[in-house]
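Before any comments, here is the structure.
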Amino acid sequence: MWKFHQPVNVIFGEGEIANIGTYLNEYGLNRAFMVADSFLVESGAAGSIESFAAGKVVGISSDVEPNPTIKNVADVVKKMNQVNADCIIAFGGGSAMDCAKAAAVAAAEHCSPEELLNGFQITKALPVIAIPTTAGTGSEVTAGAVLSDKEKGIKAAIFSPAIFPTIAIVDPELTLTVPAMVTAATGLDVLAHAFDAMTSVKANEATDALALGAAKLACKYLERAVADGSDREARAGMSKASLIAGLAFSQTGTTGSHACSYILTSKYQVPHGEACAFTLDAWLLINSKVKPELNCYAKELGFAQVQELSDWLNQLKEKFGMRTRLSQLGIQTDDLAELTAASMKSSNMTNNIAQIGEEGVYTIFKSKL
């Protein structure tokens, strides 16, 4: 038995952001607060959204950190309340999305961001209109948000069906100006989402089909998008890959590669996609022993077996100039116990089909020194 719940109204197409005013009208939304990446405000892109929304944007916040904090969320909620917002437009990458989704919950529940991280039972949220500007997070179709508490050194995810955005507008044109390194890192995140979805204890025939479809698109278009950001076909292909991978892991959650990534991001400031990619190749090999179908999926992606796919991932990371050894981050053998302990605390780890314990995770990290 399995279930598939996906309530997001997904709109995909070049130039679709020009119709945001129409979509707001369809849902009876009139006072939108926008959470946008700062460079989108500086470049004028956020201003374009305001124009397309025909006067329905009543406030904006662009002070979101790369890993959104509880303070970022609290600041957004305060500003939203001041303008009596009835919805939130999340415009940007994963950080803007997560901050907006968490703020939508805190505003509707009248709770603090700290309470959300402490297990507050979420039942409602303000409507979120998610407009991604990168091809990577898939956050526009997921029911979770990742937040950080800097004082306590915590980075964790909150989940609830209430967190699903109401509308996702995926416009590939918005990704045309994304720098090559960001395209590479977010593209690796797409692959991590796809392969993690395949290796979740919640995976099923539907999610496997979506995950495999997303991986096929990423394998075909990621290198092209990194090499030439103006390649519209490649950009559209990666936007589709990100969206479809998001649809897959919105049902399954993520697994080993994500569990091992959080401390690399929170303590060593490794971009999320690059951090997931550190161990993704190793987890594929480990999980293929539990789920032999992964070898069949590897063949559909153009590889002889999972080993060849794993090797390709490592070659891809090096081609993109990503760090592939923990020693490049200043991490030494003495640090591995901390990395392992932090990874084992993540709920993503228990979601992984292969349960290898602390010793197994330690071995993965040791192989990456």
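Each residue of the sequence shown is one higher than the one before, counting from 14 in my numbering. Ideal Cβ positions, reconstructed from N, Cα and C, are used throughout, including at glycine.
Residue i Cβ short of 7 Å to the ligand ZN heavy atom set
i    : result
T267 : Only the bare structure without any ligand can be found here, which leaves the ligand ZN out of the picture.
Inter-residue spacing [alpha-carbon to alpha-carbon] between residue i and residue j
i    : j    : result
G41  : F316 : 49 Å
F46  : W15  : 36 Å
Q328 : C273 : 20 Å
V214 : G57  : 43 Å
V89  : L277 : 27 Å
A138 : V118 : 4 Å
G26  : C232 : 21 Å
A120 : T150 : 23 Å
G68  : G105 : 20 Å
K312 : I176 : 36 Å
E29  : L349 : 46 Å
E321 : L129 : 42 Å
P145 : E351 : 34 Å
Y8   : P178 : Since the first and last residues shown for the chain are 14 and 382, residue 8 lies out of range.
D111 : N80  : 9 Å
R237 : L314 : 16 Å
C100 : P140 : 5 Å
N217 : V319 : 19 Å
A59  : S75  : 10 Å
A148 : A31  : 19 Å
T35  : N22  : 14 Å
G166 : N131 : 14 Å
S255 : S64  : 27 Å
F172 : S152 : 12 Å
R245 : A156 : 29 Å
Test item: CB-CB of residue i and residue j under 8 Å
i    : j    : result
L204 : A222 : no
F262 : D184 : no
A66  : I33  : yes
M93  : G72  : yes
V86  : L160 : yes
L293 : S270 : yes
I62  : V54  : no
A115 : A158 : yes
I366 : N300 : yes
I257 : G226 : yes
Short CB-CB distance (under 8 Å) between residue i and chain D
i    : result
R248 : Any reference to chain D falls outside this structure, which holds one protein chain only.
Where the beta strand (DSSP E) containing residue i begins and where it ends
i    : result
I144 : V141 to P145
G157 : G157 to D162
F25  : N22 to F25
I171 : I167 to F172
V183 : I180 to V183
Own chain residues within Cβ distance below 6 Å of residue i, not counting five before or after
i    : result
A198 : P284, G286 and E287
I102 : A45, M47 and I142
S279 : K168
A207 : A224, A227, A228 and A258
Cβ shell of residue i (< 7 Å), same chain only, five flanking positions each side left out
i    : result
K163 : T82
N97  : R44
L260 : Q19, V154 and L223
A109 : V48, A49, D50, V77 and A103
T220 : A210, A261, Q264 and T265
C289 : L201, D202, A205, S270, H271 and S274
F17  : A219 and Q264
Own chain residues within Cβ distance below 8 Å of residue i, not counting five before or after
i    : result
T353 : E371, V374, Y375 and F378
M194 : F333 and G334
S323 : D294, A295, L297 and L298
A113 : V48, V89, I101, I102, A103, V141 and A143
Boundaries of the alpha helix (DSSP H) in which residue i is found, first to last residue
i    : result
A193 : A193 to M211
A231 : E218 to A240
A355 : L349 to K358
A325 : Residue identity differs from the one stated: residue 325 is Trp in this sequence, not Ala. V319 to K332 is the span of the alpha helix (DSSP H), which, as asked, contains W325.
N32  : It is not in any alpha helix (DSSP H) - N32 carries neither H nor E in the DSSP assignment.
A311 : E306 to E313
S380 : G370 to S380
Problem - Uninterrupted alpha helix (DSSP H) stretches inside the stretch 257–289 (no shorter than 4 residues) - result: Those alpha helix (DSSP H) runs which fall completely within the stretch 257–289 and span 4+ residues are 269–272 and 275–281.
Handout entry: Secondary structure, beta strand (DSSP E): runs of 3+ residues fully inside the stretch 48–126
Key = As far as the stretch 48–126 is concerned, its whole beta strand (DSSP E) runs of at least 3 residues are 70–74 and 100–105.
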